[in-house]
Amino acid sequence: MNLNTVDPAWAWSAFEPSGESPWNRAAAAHLFRRVGFGASSRELDEAVARPPDEVARQLVRGERASPSVARDFEALADTVAASNNPEGLAAWWLHRMLHTTDPALEKFTLFWHGHFATSAAKVREADLMLAQNRMFRTRACGPFEKLVQAVSRDPAMLLYLDSATNRKVRPNENYAREVMELFCLGLDNYTERDIQQTARAFTGWEVRNGKFKFNAFQHDTREKTIFGQRGNFDGDEAVRIILAQPAAARFIALKLFRFYVCDEPAPRPELVEPLATMLRENDFQIGPVVERIAGSQLFFSRLARGRKVRGPVDLAMNVLKALETTTNTKRLFSDLSALGQGVLYPPNVKGWDGGRAWLNSSTLLGRANLVRRLVDDSKDRFAGGDLAALVEKHANSPTQAVDWLAELLLAAPIGDEARNTLAEVAQNKDKPRGCANLVHALATLPEFQLG
Amino acid sequence: MFLASPRAQKFRPRPWLIAALLVAAAFADSVASPVRADEPADALAAAAEKKTAAELLPAGTILYAEVSKPGELVDALLNHPLRKRIEALDAYRALVLSKPYLKFTFGVSVAETALGMKWDEAVKTLAGGGVHLGIDAHTQGGVVLIRATDAQKLAEVRDKLLAFARGDAKKKGQGDPIQEIDYRGAKAFKLGDGYAATLGPWLMLTNKAETGKLVIDRVADPKETSLGGKMEFLSARNGVGEKCAAWAYVDVATLRSAGLLAKVLQDKTDNPGAELIAGGVLSTIGETPYATLAVHLDDQQLRLVASAPHDPRWVKKPREFYFGPNGKGAAPIALHPEHTALSLTTYRDLGAMWMAAPELFDEKGNAGLSQADSNLSTFFSGKEFGREILGAFAPEWQVVLARQGFATTSGGVPDIKLPAGAIVFRMKEPEKMQRQLKVSFQSIVGFLNIIGGQNGLPQLEQNTERLASGTVISAEYMLDDDAQRNNGKIYHNFSPTVAVVGDRFIIASTKQFAATLVDAASTPGSTGESPSKTAAPTNTALEIDAAVVHKLLDDNRAQLVAQNMLEKGHAKEQAEAEIGTALEVLSWFDKASLRLATPSDRVDLELAVRFKPAESAK
Numbered sequence: 002m003n004l005n006t007v008d009p010a011w012a013w014s015a016f017e018p019s020g021e022s023p024w025n026r027a028a029a030a031h032l033f034r035r036v037g038f039g040a041s042s043r044e045l046d047e048a049v050a051r052p053p054d055e056v057a058r059q060l061v062r063g064e065r066a067s068p069s070v071a072r073d074f075e076a077l078a079d080t081v082a083a084s085n086n087p088e089g090l091a092a093w094w095l096h097r098m099l100h101t102t103d104p105a106l107e108k109f110t111l112f113w114h115g116h117f118a119t120s121a122a123k124v125r126e127a128d129l130m131l132a133q134n135r136m137f138r139t140r141a142c143g144p145f146e147k148l149v150q151a152v153s154r155d156p157a158m159l160l161y162l163d164s165a166t167n168r169k170v171r172p173n174e175n176y177a178r179e180v181m182e183l184f185c186l187g188l189d190n191y192t193e194r195d196i197q198q199t200a201r202a203f204t205g206w207e208v209r210n211g212k213f214k215f216n217a218f219q220h221d222t223r224e225k226t227i228f229g230q231r232g233n234f235d236g237d238e239a240v241r242i243i244l245a246q247p248a249a250a251r252f253i254a255l256k257l258f259r260f261y262v263c264d265e266p267a268p269r270p271e272l273v274e275p276l277a278t279m280l281r282e283n284d285f286q287i288g289p290v291v292e293r294i295a296g297s298q299l300f301f302s303r304l305a306r307g308r309k310v311r312g313p314v315d316l317a318m319n320v321l322k323a324l325e326t327t328t329n330t331k332r333l334f335s336d337l338s339a340l341g342q343g344v345l346y347p348p349n350v351k352g353w354d355g356g357r358a359w360l361n362s363s364t365l366l367g368r369a370n371l372v373r374r375l376v377d378d379s380k381d382r383f384a385g386g387d388l389a390a391l392v393e394k395h396a397n398s399p400t401q402a403v404d405w406l407a408e409l410l411l412a413a414p415i416g417d418e419a420r421n422t423l424a425e426v427a428q429n430k431d432k433p434r435g436c437a438n439l440v441h442a443l444a445t446l447p448e449f450q451l452g
Numbered sequence: 217m218f219l220a221s222p223r224a225q226k227f228r229p230r231p232w233l234i235a236a237l238l239v240a241a242a243f244a245d246s247v248a249s250p251v252r253a254d255e256p257a258d259a260l261a262a263a264a265e266k267k268t269a270a271e272l273l274p275a276g277t278i279l280y281a282e283v284s285k286p287g288e289l290v291d292a293l294l295n296h297p298l299r300k301r302i303e304a305l306d307a308y309r310a311l312v313l314s315k316p317y318l319k320f321t322f323g324v325s326v327a328e329t330a331l332g333m334k335w336d337e338a339v340k341t342l343a344g345g346g347v348h349l350g351i352d353a354h355t356q357g358g359v360v361l362i363r364a365t366d367a368q369k370l371a372e373v374r375d376k377l378l379a380f381a382r383g384d385a386k387k388k389g390q391g392d393p394i395q396e397i398d399y400r401g402a403k404a405f406k407l408g409d410g411y412a413a414t415l416g417p418w419l420m421l422t423n424k425a426e427t428g429k430l431v432i433d434r435v436a437d438p439k440e441t442s443l444g445g446k447m448e449f450l451s452a453r454n455g456v457g458e459k460c461a462a463w464a465y466v467d468v469a470t471l472r473s474a475g476l477l478a479k480v481l482q483d484k485t486d487n488p489g490a491e492l493i494a495g496g497v498l499s500t501i502g503e504t505p506y507a508t509l510a511v512h513l514d515d516q517q518l519r520l521v522a523s524a525p526h527d528p529r530w531v532k533k534p535r536e537f538y539f540g541p542n543g544k545g546a547a548p549i550a551l552h553p554e555h556t557a558l559s560l561t562t563y564r565d566l567g568a569m570w571m572a573a574p575e576l577f578d579e580k581g582n583a584g585l586s587q588a589d590s591n592l593s594t595f596f597s598g599k600e601f602g603r604e605i606l607g608a609f610a611p612e613w614q615v616v617l618a619r620q621g622f623a624t625t626s627g628g629v630p631d632i633k634l635p636a637g638a639i640v641f642r643m644k645e646p647e648k649m650q651r652q653l654k655v656s657f658q659s660i661v662g663f664l665n666i667i668g669g670q671n672g673l674p675q676l677e678q679n680t681e682r683l684a685s686g687t688v689i690s691a692e693y694m695l696d697d698d699a700q701r702n703n704g705k706i707y708h709n710f711s712p713t714v715a716v717v718g719d720r721f722i723i724a725s726t727k728q729f730a731a732t733l734v735d736a737a738s739t740p741g742s743t744g745e746s747p748s749k750t751a752a753p754t755n756t757a758l759e760i761d762a763a764v765v766h767k768l769l770d771d772n773r774a775q776l777v778a779q780n781m782l783e784k785g786h787a788k789e790q791a792e793a794e795i796g797t798a799l800e801v802l803s804w805f806d807k808a809s810l811r812l813a814t815p816s817d818r819v820d821l822e823l824a825v826r827f828k829p830a831e832s833a834k
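Chains as they are written, first to last, in this note's numbering: chain A, 2 to 452; chain B, 217 to 834.
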């Protein structure tokens, strides 16, 4: 069975554990890694004690999220943004990813941040980046049309795409082009004329003193023709018309597939079509589609597990979550930036390429070094204590330590030879050193790069 | 030469055991076991007993430090009022229950058992005559000399510890961990990488055999030159007026001739800031023979005084900006408005420094200043910034920071509450200068409005107010009706202002603070010559009020907690507890001050930290 032969009906049907694909700690770890950022050993134990569909549903819907924790994060964000340092805000977001009670929502937010890429390097205002981040979080699972309309008014986005002043005598086509190419339809699904007409619909959409402002004097009120529809459209109506194109649902469904299922190969259209249909029939609601993906046979099959190259954020967060680590997120932001994924600082409007692009000889070394730094930092705490104490709590021998950590940190199984080598690495009279060496050695494995 | 036996190298004693054994070994019976008949150990001991630590150290000692009364220092620390406050901290209670602390206390109790006395009693008995450290330039070794008060008691301790160590090694199947070595009638012991020997009441510990030999040589041969015989050292020692807890001497001339200070004594620097702060002191270091440091501790304060001989002629003309002509420049009387957190008064002739730039700074430094001169002249009607603007101010000036209250302001309240700051100059020709400076202020405000407008900041509106004693020209942000977006912004900390009162020209970060300083400058006693100008001129005086700093930090508690959470990964409660502890510790202090003064023949740098009495803390 492969992606070219898999039956779409089977693929998206509810996951039924079997001998070949059991519901166990490894399967739960896969679910938590993809939908969130990983899980601790205790969370995995709790998860396997419940049915997989219930775990997936609760995770995607954030049913176990604590509103008071979310409020604390919001208050902390306001405090951090007061210094107008976007890097501090990025550290705050990493802190939230690490300690959130709603990891799926943070993963959604990261997904939309990559989709509607906006860089603080150009925007420079921490409060605008925070407002956008909050907007992604608030609208993450809801109707996509509302999200695109909110993005179209978002000051950070308008500043980033130089659309802060869009005049009727000279419409700025940047935003209109990205709405079609990158946000809603993908290449080859629109014409230059569609872009020009859509740009006219967005004229007068400005940013003044950090706020969205509609300037009626600069709005082109003449008739426009977008995808064959004629009328005096504004930006919101233009978005509605764009999303009504058949390509829109397929484009978003494919993007979700790549984010939650696998990087490559590209799925055949029939495989993605059920997700696209679901979007069209449900007002482009994102949450239910992700819930279906995360509870599907395909998601728990070998066609999805270990079939994505982990981005630096996923990689670091998985280690930190699994080892119940508290760490300096300012430094973590700096490390992640060096590896190419500084949150709030995507490289361009296309966001991060992802997939194999994360890996080269330099980043491979850097990823292992990041893990080494995390386990070596004397200020980091693991479940409130040191790493050796945490490992000893769950493993009585070097071999058990290898198995326990591999289950938490690796999406793909390792061979006996690698397992024995790792056990030798763990064998050290200096137990803290042995544990740190073991985690570092795991981080150097090819399997560690997969999520 | 001390030689190590292979057997001894196999032994890996624990650190506490090394310390205890070195003490014990020092009191081994070297005195009773002379190797050479012509230098009996008793005579060696008697000779050593008459010598001071400085007389035992070689003349090439570049660093000497002493705690002359360790027992008193231990008592002072154990009975210090701060001790109870430290013990009352939650963080302290958590510390004493932590594994590392319990390990440490276990180690101490093992050592106490081996010594047969409590640790504080051991300090008084074994080191009652003082603890001294010397670093020798020639052998590049360090020596610790400890003088005991009760040799008999220590001999007993020695026997116990030696027996304990040897028994412990035997139990582990290891050889004798202590290697005995004889040198000129003195018996020395090698343990691990360290050496110990006893010389009468002296215990000598050293990391180099050659350095230890130099000490023994000074006991055995009275003709050997010592640190205690050096004129410079004697002069420095005599200068220690009052009793101090610790004292140190550095042979600056030797350090200089060895090239160790070459980097800090370069002819020219690329760092104007460093030159401004330390230029004159570097001139002193370039010529002075030695420097000393005295540490004073009592219930009220901790005081550190660094001193060095100084001659105003050592300061070359380009650096005259620092101490003034003939070294007589003195800091002005400080304005001290309410809620002052920090006050820095100084004598620095900024105009003279700017004009001496070609002699003071390297190419990079000069390029930076030229660029700044060119840019700044735009705001000062094309005048030369160094000569015509900075040169128009007297060299005595003050920087002052104070906590500001936001409740009374009509604008928004910033989330990050910064202190108000000001710099107070005196104009040489007030009538001529104040118009120029007012116009320049207008230009700068206009420039800020253009830049601010491009960045979405509100505009600054200029106002002039004539008070009874002076004029205040302020620039306040014009806030629009979007209070929600504007509230919390950091710019609410500022309303750039200049003020003129008499010959004083004040540049302040807020209008309120400028007005407060105008009032302060008008009160009797705020003008005239500094009283320190005639006696021992105070070149620079910095004073920090811990209570106000505490309030400033407390104003920004949420920020500090947030930073702690992000930097340490702490939960909110944990971060709040840590910041709470830090603020609690800060509340124990009253004031901190730093004073650079030039009495007749030396430079003194004094750092003092005053503790708040327990009842008034918080």
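Note that CB positions come from ideal geometry on N, CA and C, so glycine has one too. Just so you know, these numbers come straight off a predicted model, no measurement behind them.
Skipping 5 residues on each side, what residues in its chain have a beta carbon closer than 6 angstroms to that of HIS835 of chain B? In the structure as shown, chain B starts at 217 and stops at 834, and residue 835 of chain B therefore has no counterpart that could be examined.
**Prompt:** Among A:GLY63, A:ILE196, A:LEU451, A:VAL124, which has the Cα closest to the Cα of GLU265 of chain A?
**Reply:** By 1-based counting over the first sequence, the position of residue 265 of chain A is 264. Closest by alpha carbon: A:LEU451.
Identify whether GLY540 of chain B lies in helix, strand or coil by the three-state DSSP scheme.
As a first step, residue 540 of chain B must be located in the second sequence, where it is residue number 324. DSSP places GLY540 of chain B in coil when its eight states are reduced to three.
THR277 of chain B: buried (16+ other C-beta within 10 angstroms of its C-beta) or exposed?
-> Locating residue 277 of chain B in the second sequence gives position 61, where the first residue counts as 1. The residue is buried, with at least 16 neighbouring Cβ atoms inside 10 Å.
What does DSSP give as the partner residue(s) for GLU681 of chain B in the beta ladder?
As a first step, residue 681 of chain B must be located in the second sequence, where it is residue number 465. When DSSP reads this structure, GLU681 of chain B sits in a beta bridge with B:VAL688.
Does ILE549 of chain B come out as helix, strand or coil in the three-state DSSP assignment? As a working mapping, residue 549 of chain B is identified with position 333 in the second sequence. It is coil, neither helix nor strand.
TODO: Report all residues from its chain with a CB closer than 6 angstroms to the CB of LEU558 of chain B; omit the five preceding and five following residues, and keep chain order.
DONE: Reading the second sequence from its first residue, position 342 is the one you call residue 558 of chain B. Answer for LEU558 of chain B: LEU617, ILE760, listed in chain order.
*Of all the CB atoms in chain D, is at least one closer than 8 angstroms to the CB of HIS296 of chain B?*
In summary, chain D is missing from the structure at hand, where the protein chains are A and B.
So, does the segment 431–443 of chain B touch the segment 473–493 of chain B, judging by three or more C-beta pairs under 8 angstroms?
No, they do not touch.
Notebook entry, point to check: Got a sec? Which residues, its chain only, sit under 7 angstroms from VAL376 of chain A by beta carbon, not counting five neighbours each side?
Noted result: For the purposes of this step, residue 376 of chain A is taken as residue 375 along the first sequence, with counting starting at 1. Residues of the same chain with a CB within less than 7 angstroms of the CB of VAL376 of chain A, apart from the 5 flanking positions on each side, are LEU388, ALA437, VAL440, HIS441 in chain order.
### Neighbouring residues, chain B, relative to VAL81 of chain A (Cβ below 8 angstroms)
As a working mapping, residue 81 of chain A is identified with position 80 in the first sequence. Per Cβ cutoff of 8 angstroms: ALA778, LEU782.
>> On the DSSP letters alone, give me the boundaries of the alpha helix (DSSP H) that ALA444 of chain A sits inside.
In response: Counting from one through the first sequence, the residue named residue 444 of chain A turns up at place 443. Where ALA444 of chain A is concerned, the enclosing alpha helix (DSSP H) stretches over 432–444.
*Please list the residues of the segment 371–393 of chain A that have a C-beta atom closer than 9 angstroms to any C-beta atom in chain B, keeping them in chain order.*
Residues LYS380, ASP381, ARG382.
Practice item. Taking all protein chains shown into account, decide if ALA15 of chain A is buried (16 or more other Cβ within 10 angstroms of its Cβ) or exposed. Key: For the purposes of this step, residue 15 of chain A is taken as residue 14 along the first sequence, with counting starting at 1. That one is exposed.
Got a sec? Which residues, its chain only, sit under 8 angstroms from ILE242 of chain A by beta carbon, not counting five neighbours each side?
Here residue 242 of chain A corresponds to residue number 241 of the first sequence, with the count starting at 1. The beta carbon of ILE242 of chain A sits closer than 8 angstroms to the beta carbons of ILE227, PHE228, GLN230, PHE234 from its chain, once the five residues preceding and following it are set aside; these are given in chain order.
With 8 angstroms set as the bound, which would you pick, yes or no: does the beta-carbon of ALA437 of chain A sit closer than that to a beta-carbon of chain B? Taking the first sequence and counting its residues from 1, the one referred to as residue 437 of chain A is at position 436. It does not; no Cβ of chain B falls within 8 angstroms.
Please work out which residues of its chain come closer than 6 angstroms, Cβ to Cβ, to GLU822 of chain B, disregarding the five sequence neighbours upstream and downstream, and give them in chain order. For the purposes of this step, residue 822 of chain B is identified with residue 606 of the second sequence, where counting begins at 1. When the five nearest sequence neighbours on each side are left out, the beta carbons in the same chain lying within less than 6 angstroms of the beta carbon of GLU822 of chain B are those of VAL521, ARG811, in order along the chain.
Q) Beta-carbon of GLN92 of chain A versus every beta-carbon of chain B: anything under 8 angstroms? A) On the first sequence, residue 92 of chain A is found 91 positions in, with the first residue counted as 1. According to the sequence displayed, residue 92 of chain A carries Ala and not Gln. At least one chain B Cβ lies under 8 angstroms of ALA92 of chain A.
message = What does the alpha-carbon distance come out to for the pair ARG818 of chain B and LEU576 of chain B?
response = In the second sequence, residue 818 of chain B corresponds to position 602, counting from 1. In the second sequence, residue 576 of chain B corresponds to position 360, counting from 1. If you take the alpha carbons of ARG818 of chain B and LEU576 of chain B, they lie about 23 angstroms apart.
In chain A, which residues lie less than 7 angstroms from HIS354 of chain B when you measure between Cβ atoms?
Looking up residue 354 of chain B in the second sequence gives position 138. Near HIS354 of chain B there are no residues of chain A at all, since even the closest Cβ is about 39 angstroms away, more than 7 angstroms.
Worksheet item: For ALA248 of chain B, which of helix, strand or coil comes out of DSSP?
Response: One-based indexing of the second sequence puts residue 248 of chain B at position 32. Residue placement at ALA248 of chain B cannot be trusted, given a pLDDT of 32 that sits under 50; what the coordinates show is reported in the next sentence. Three-state result, ALA248 of chain B: coil.
Neighbour flag for ILE660 of chain B against chain A, beta carbons, 8 angstroms | Start at 1 with the first residue of the second sequence, and residue 660 of chain B comes out as number 444. In terms of beta-carbon proximity, ILE660 of chain B stays away from the interface with chain A, with every pair separated by 8 angstroms or more.
Next item on the list: For LEU333 of chain A, I'd like the list of residues in its chain whose CB is within less than 6 angstroms of its CB, leaving aside the five on either flank, ordered along the chain.
Entry: Walking along the first sequence from the start, residue 333 of chain A turns up at place 332. Listed in chain order, the non-local C-beta contacts of LEU333 of chain A below 6 angstroms within the same chain comprise LEU95, local neighbours out to five positions each way being set aside.
- request: Give the range of the alpha helix (DSSP H) segment to which GLN356 of chain B is assigned.
  value: On the second sequence, residue 356 of chain B is found 140 positions in, with the first residue counted as 1. Annotation for GLN356 of chain B: no alpha helix (DSSP H) segment contains it, and DSSP assigns it neither H nor E.
>> Tell me the DSSP secondary structure of HIS708 of chain B in three-state form.
In response: The count along the second sequence starts at 1 and reaches residue 708 of chain B at position 492. Helix at HIS708 of chain B.
**Message:** Check this for me: beta carbons of ASP155 of chain A and ALA82 of chain A, under 8 angstroms apart or not?
**Reply:** Translated into the one-based positions of the first sequence, residue 155 of chain A becomes position 154. Translated into the one-based positions of the first sequence, residue 82 of chain A becomes position 81. No.
Measuring only between beta-carbons, confirm whether VAL73 of chain A sits less than 8 angstroms from chain B.
-> Here residue 73 of chain A refers to the residue found at position 72 when the first sequence is read from its first residue. According to the sequence displayed, residue 73 of chain A carries Asp and not Val. Taking Cβ atoms only, chain B reaches closer than 8 angstroms to ASP73 of chain A, which makes this a yes.
*asked:* Considering only the alpha carbon of each residue, which of A:ALA254, A:GLU21, A:THR364, A:TYR261 lies closest to PRO270 of chain A?
replied: Residue mapping note: residue 270 of chain A aligns to position 269 of the first sequence, counting from 1. In this structure, A:ALA254 is the residue among A:ALA254, A:GLU21, A:THR364, A:TYR261 with its C-alpha nearest to the C-alpha of PRO270 of chain A.
Margin query: If we define contact as Cβ-Cβ less than 8 angstroms, is ASN210 of chain A a contact residue for chain B?
Written below: The sequence position of residue 210 of chain A within the first sequence is 209, counting from 1. Cβ-Cβ to chain B under 8 angstroms: yes for ASN210 of chain A.
>> Is there a Cβ of chain B sitting closer than 8 angstroms to that of GLY115 of chain A, yes or no?
In response: Position 114 of the first sequence, counted from the first residue, corresponds to residue 115 of chain A. Not a single C-beta of chain B is nearer than 8 angstroms to the C-beta of GLY115 of chain A.
- Message: Less than 6 angstroms between C-beta atoms, sequence neighbours within five positions excluded: which residues of the same chain meet that for PHE596 of chain B?
- Response: The count along the second sequence starts at 1 and reaches residue 596 of chain B at position 380. Residues of the same chain with a CB within less than 6 angstroms of the CB of PHE596 of chain B, apart from the 5 flanking positions on each side, are ILE605, SER656 in chain order.
Cα separation between LEU293 of chain B and ILE302 of chain B? Taking the first residue of the second sequence as 1, we reach residue 293 of chain B at position 77. Taking the first residue of the second sequence as 1, we reach residue 302 of chain B at position 86. Roughly 12 angstroms between the two C-alpha positions.
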